[in-house]
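Novice: Chains A, B, C and D supply the protein sequences, listed in that same order.
Each step along the first sequence adds one to the number in the UniProt record's numbering, with nothing skipped, and position 110 is 110.
Each step along the second sequence adds one to the number in the UniProt record's numbering, with nothing skipped, and position 75 is 75.
Each step along the third sequence adds one to the number in the UniProt record's numbering, with nothing skipped, and position 237 is 237.
Each step along the fourth sequence adds one to the number in the UniProt record's numbering, with nothing skipped, and position 277 is 277.
4 protein chains.
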Amino acid sequence: MTSEPKRLVALLSGPDQKGLVSKVSSWIFDNGGNIIHADQHRDAEAGVFFQRVEWSVGNENEAEQVAQDFQSFGDSIGMKTKVAISGDKPKVAIFVSKFDHCFHDLILRWKAGEYPCEIALIISNHKDLAEVAQSYGIAYHHIPVSKANKPDAEAEQLALLKKEGIDLVIMARYMQILSSIFLDTFGKPVINIHHSFLPAFAGARPYHQAHSKGVKLIGATAHYATPDLDQGPIIHQDVARITHRNSVEDLVRKGRDLEKLTLAQAVRWHLENRILVYENKTVVFD
Amino acid sequence: MTSEPKRLVALLSGPDQKGLVSKVSSWIFDNGGNIIHADQHRDAEAGVFFQRVEWSVGNENEAEQVAQDFQSFGDSIGMKTKVAISGDKPKVAIFVSKFDHCFHDLILRWKAGEYPCEIALIISNHKDLAEVAQSYGIAYHHIPVSKANKPDAEAEQLALLKKEGIDLVIMARYMQILSSIFLDTFGKPVINIHHSFLPAFAGARPYHQAHSKGVKLIGATAHYATPDLDQGPIIHQDVARITHRNSVEDLVRKGRDLEKLTLAQAVRWHLENRILVYENKTVVFD
Amino acid sequence: MTSEPKRLVALLSGPDQKGLVSKVSSWIFDNGGNIIHADQHRDAEAGVFFQRVEWSVGNENEAEQVAQDFQSFGDSIGMKTKVAISGDKPKVAIFVSKFDHCFHDLILRWKAGEYPCEIALIISNHKDLAEVAQSYGIAYHHIPVSKANKPDAEAEQLALLKKEGIDLVIMARYMQILSSIFLDTFGKPVINIHHSFLPAFAGARPYHQAHSKGVKLIGATAHYATPDLDQGPIIHQDVARITHRNSVEDLVRKGRDLEKLTLAQAVRWHLENRILVYENKTVVFD
Amino acid sequence: MTSEPKRLVALLSGPDQKGLVSKVSSWIFDNGGNIIHADQHRDAEAGVFFQRVEWSVGNENEAEQVAQDFQSFGDSIGMKTKVAISGDKPKVAIFVSKFDHCFHDLILRWKAGEYPCEIALIISNHKDLAEVAQSYGIAYHHIPVSKANKPDAEAEQLALLKKEGIDLVIMARYMQILSSIFLDTFGKPVINIHHSFLPAFAGARPYHQAHSKGVKLIGATAHYATPDLDQGPIIHQDVARITHRNSVEDLVRKGRDLEKLTLAQAVRWHLENRILVYENKTVVFD
């Protein structure tokens, strides 16, 4: 649709102060923009203001310039600001192991047009999905990981991410822990899916833990990866009902659907620039 | 909490035009207010703009005046505007018949402090709940309704509503249909709870219909009453899972919880000034 | 309904062995009964068999005798057996503190005919609900509990339970911990409602914990009370969605609905003899 | 797992009579079987008895013979009976048009081992999915359908189904209506997914209808196809929440997940022999 005007989406956060909504909306109006949607949040305790504002620019050739100007404006009012232009497609890398349900799910959603991004490459510590990645037409990099070679493997991964200019890593049931060095060096968001309702059943084999505890619901949690394992800011969670009839295998099967849907939603919100992080929590402007 | 500043909540709607968010937020800023929350929506097809904005006023003695001024401002920019002041308590009448689950639920929520309103009176076509209404300390008016006396009964109801200055009527499973004359004369919102997932199973005995159709979910729908029976703007809906084991009586029992929760949520949103109606649909700023 | 035949419900559990379903159903058939519903479960790992069977007796005057005979039959095939006769109404005591939402909810459901039991008495460590208990027509016993007098208070509670022949205690947000001595001496089931999705946020102030962790769902857990605090067999759990906008107060409000519904369901299952406990887990024949 | 004993699953239905549970379980016991799971249902109004019973046979070489004998036994007690042997894999045909989400979902579940069946062939009125079907290794038959050639196209479809011995057809968003002649001639189950909460929004463009009505939930319904369009026995239904912000396109996107999950569950229940149909309703022994 060539006639649809360019849109900008800005995420702002910073110390609360009077008149912020007015300042931002006036700036946009004065610069020829029209606000399509704006949502804001105040954390009264923390004294922090958060805003997501989406607007159409008057002259779409100027979108890039307006984005830069807004960034400067955000700085001038003391707000941490991030601006995205509609049509921009961040580059995404999927990390995967042998479990392929989230992997297929993400790629099929992307192919169905659900995700405004480019899935640029797949990295796996196994060869299992190389062939299907090829059928999807996506570059597949097999980087085996062992206790011994982990630093080297991560260096190789980082080199690939850097070379391809990757903006987001999605751990689609990638069964390895990314080191703090990896996370620091990459310096961009990494989304992980954990197969439990965190903080319950953090760590290994959560379905076994759930089964042994006799809980009546299982969950999944999509969160940003941080050096604190399974402790990063939670983006989205969901649960499914189970009964005494369900074996661990049933939990694993039901969990696959949970994991797919929970991760898929978290990725969508991230790609639509709906998420702000602070104090290890997220603000999701849905 | 004496120190909490007065807040205003405004609901605006009208023809979309550039700069509306900016105009509204600037007006509030210029008049010493601080926006606590603002949410807006554009219906692109219909070309209509909707906004809910909540702000604290600088000087709380001026809240009344600011509300009036904002109303005039809304008029001046072509917006249909409604302003409420925090602490104001609209007066509510509950219409009830014999089924008492929604009745108890609403009153207990009100007593628990969930609802910023005054439940001023109860009107019923039966005497059954007179005693319990008394124990709740709420005036109870028994107005029998028959085919023959319906116009007179409605006139009596309207007189009561007028005398008490009622702002909202809640039909808590009131098993009578309010006539268009009643609705027109009252001229204020009436919320009804229908015991099905409308538009499925409109009309009488929806649980029997659901059971006979063999559906796997039953629903409830809270909506504003209009002369078109069961066709008014939908505020909220929810469903519950049923199985082949469930009899009509089970559906009725499960439905009671659905009806309570669905009506309770709709009433909360209404009392918090979160709902705008247009084209027989609702915008709910949750 | 005088014409409805008497029904028996039996719960059996014990070491798995071939032909159990056949033996039980044949016994019932040979004794003139007609099975209305039967459900069974095998825990293959533990080698345990569980069954709930509900049948109508041919001659209702013999119901009591058939129940005794079935009990003996159960013993003879090595099954732990419990038989209930339809129309029997176990006596229930509600323990409550100041929070009254579960309290009202349980009593209103009982008054609406949802629960086949007799709510014989209410015990509270506060006087707050004495008056409303009176309006409900239920005996209210105020037994203050302090660190110092706890053994005495529990002795007083136990004496009341014994005197009234109480079969089930429901802790309807009773904010005290019942000692192991109390639980052992009472020797009958105690159902508790915990305001979190256990095992997450066990212990005090779960809503504060949930808020501080930034989880996106809150939960409630109904379980049988055991000496291990918050660790008893889970009967039912449910969750509600929350967002960054929700304060701890919002969580508390949303939690009230969760707690009511989760406890209400657990109590219903218990009263309908649908629950068997083993290895700190429950089998719920829904 | 070679050591796992063969299992039989029988579905029985017929006029209710005393002692049926006993007769069935005794027959199985007398024939050396051990009941793993049994579930039954009585429709008291209709006077019909339904049972699903699953048992392990003593000698697995005799499974086939026991199945035949049970069939005869079922006949002898006046029950309509269907017996399946574990390890048997019914042959399935997927009918698909251009929408591919349910198509991929079913095949990936099958490849993940979720479905005890053989997906033998795909039939489509379009060529779009031919290539991906090839990558999945499943035969793809392109049979264009127009108003003019419909009888011929259906004859061609039926010939394929017959030749391959297909036991189940799944309409995975196949956008054509199968004629009564087709359904009668095929004579075996056909599962369809409708993209609404039936009976609401039967017929075409349900998401447009839902959007225009302003409902707050959208649904999906998996049902057996019958000559009465969108009126066949409902197997499973689910819903998702929508808001005023959602466009028809959003409904379509959210609906894809609903359709996938609802159809996937219905297919699983069917393949596990959990569904009995009567009076245009289903009994699902979950």
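Cβ coordinates follow ideal geometry from the N, Cα and C atoms, glycine included.
Within 10 Å of its beta-carbon, does C/Thr-2 have 16 or more other beta-carbons around it, so buried, or fewer, so exposed?
Specialist: Unreliable positioning characterises C/Thr-2 in this predicted model, as indicated by a pLDDT of 45, which lies under 50. A coordinate reading is not provided.
Novice: I'd like the list of long-range same chain contacts for A/Phe-182, defined as Cβ closer than 6 Å, with 5 residues on each side in sequence excluded.
Specialist: Glu-154
Novice: For chain C, check one thing: does any of its Cβ atoms lie closer than 9 Å to the Cβ of B/Lys-211?
Specialist: Correcting the residue type first, residue 211 of chain B is His in the shown sequence and not Lys. Taking Cβ atoms only, chain C never reaches closer than 9 Å to B/His-211, which makes this a no.
Novice: By the 7 Å beta-carbon criterion, what residues does the segment 194-207 of chain C contribute toward chain A?
Specialist: Phe-197, Pro-199 and Ala-200
Novice: Apply the 10 Å Cβ neighbour rule to B/Asn-59 and answer buried if 16 or more other Cβ atoms are within range, or exposed otherwise.
Specialist: Exposed: under 16 other Cβ atoms inside 10 Å.
Novice: Rounded to whole angstroms, what's the CA-CA distance from D/Ala-172 to D/His-126? Just pull it up for me.
Specialist: 13 Å
Novice: Report the partner residues of B/Asn-34 according to the DSSP bridge assignment.
Specialist: B/Ser-56
Novice: I'd like to know whether the C-beta of C/Met-1 is nearer than 9 Å to at least one C-beta of chain D.
Specialist: For C/Met-1, the predicted structure reports a pLDDT of 39, less than 50, and the residue's modelled location is therefore unreliable. A value from the coordinates is still provided. For C/Met-1, the answer is no, since every Cβ of chain D falls outside 9 Å of its Cβ.
Novice: Run through the DSSP bridge pairs and tell me what C/Tyr-278 is partnered with.
Specialist: C/Lys-281
Novice: Would you list, in sequence order, the uninterrupted beta strand (DSSP E) runs of no fewer than 3 residues that lie entirely inside the segment 78-159 of chain D?
Specialist: 80-85, 91-96, 118-124 and 139-142
Novice: DSSP puts B/Ser-13 in a beta bridge; with which residues?
Specialist: B/Phe-50 and B/Lys-80
Novice: Here's a check: name, in chain order, each residue in its chain whose Cβ is nearer than 6 Å to the Cβ of B/Trp-110, leaving out the five neighbours to either side.
Specialist: Ile-119
Novice: So what's C/Arg-241 in DSSP terms, helix, strand or just coil?
Specialist: Here C/Arg-241 sits in strand by DSSP.
Novice: Rounding to the nearest angstrom, what Cα-Cα distance links D/Ser-72 and C/Gly-19 in this structure?
Specialist: 21 Å
Novice: From the DSSP output, in three-state form, read off A/Gly-219 for me.
Specialist: strand
Novice: When burial is assigned at 16 or more other CB atoms within 10 Å of the CB, is D/Gly-113 buried or exposed?
Specialist: exposed
Novice: Beta-carbon separation of B/Val-277 and B/Tyr-174 under 9 Å?
Specialist: no
Novice: For a contact meaning CB atoms closer than 7 Å, what does B/Asn-34 contact in chain A?
Specialist: Lys-18
Novice: Go through its chain and collect everything with a Cβ distance to D/Trp-27's Cβ below 8 Å, but skip five positions before and after it.
Specialist: Within the same chain, and ignoring the five residues on either side of D/Trp-27 in sequence, the residues whose Cβ sits closer than 8 Å to its Cβ are Phe-70 and Phe-73.
Novice: Within 9 Å (strictly less), CB to CB, does A/Thr-282 reach chain F?
Specialist: You won't find chain F in this structure, because its protein chains are A, B, C and D.
Novice: Helix, strand or coil: which one does DSSP assign to D/Arg-173?
Specialist: coil
Novice: Does D/Asp-69 get closer than 9 Å to chain A when you measure Cβ to Cβ?
Specialist: no
Novice: By the 7 Å beta-carbon criterion, what residues does the segment 125-141 of chain B contribute toward chain C?
Specialist: Ser-135
Novice: Distance check for A/Ile-107 and A/Leu-158, CA to CA, integer angstroms please.
Specialist: 22 Å
Novice: As a quick exercise: from D/Phe-197, D/Gln-176 and D/Asn-273, pick the residue whose alpha carbon is nearest that of D/Asp-88.
Specialist: D/Asn-273
Novice: Hey, quick one: how far does the alpha helix (DSSP H) through A/His-194 stretch, first residue to last?
Specialist: Careful: A/His-194 lies outside any alpha helix (DSSP H), inside the beta strand (DSSP E) at 190-194.
Novice: At 8 Å on the CB atoms, spell out the chain A contacts of D/Ala-220, in chain order.
Specialist: None at all; the shortest Cβ gap to chain A is about 14 Å.
Novice: What do you get for D/Ala-44, buried or exposed, if any count of 16 or more other CB atoms within 10 angstroms of its CB means buried?
Specialist: That one is exposed.
Novice: What residues are listed by DSSP as bridge partners for C/His-236?
Specialist: The partner list for C/His-236 (beta bridge, DSSP) reads C/Ala-222.
Novice: Return the CA-CA distance between A/Gly-78 and B/Pro-5, expressed in angstroms with no decimal places.
Specialist: 26 Å
Novice: Within a Cβ cutoff of 8 Å, which residues of the same chain sit near D/Pro-15, ignoring the five residues on either side of it in sequence?
Specialist: These residues qualify, in order along the chain: Gly-47, Val-48, Phe-49 and Gly-78.
Novice: Measuring straight from C-alpha to C-alpha, what distance separates D/Ala-93 and A/Tyr-140?
Specialist: 32 Å
Novice: Have a look at C/Gly-33, C/Glu-64, C/Gln-65 and C/Glu-62 and flag the residue whose alpha-carbon is nearest the alpha-carbon of C/Val-53.
Specialist: Cα-wise, what sits closest to C/Val-53 is C/Gly-33.
Novice: From this set, B/Ile-143, B/Tyr-115 and B/Leu-261, which residue's C-alpha is nearest B/Gln-237's C-alpha?
Specialist: B/Leu-261
Novice: For A/Leu-108, would you say it is in contact with chain D, using Cβ-to-Cβ distances shorter than 9 Å as the test?
Specialist: yes
Novice: Within the continuous alpha helix (DSSP H) that includes D/Ala-210, where are the two ends?
Specialist: Residues 206-213.
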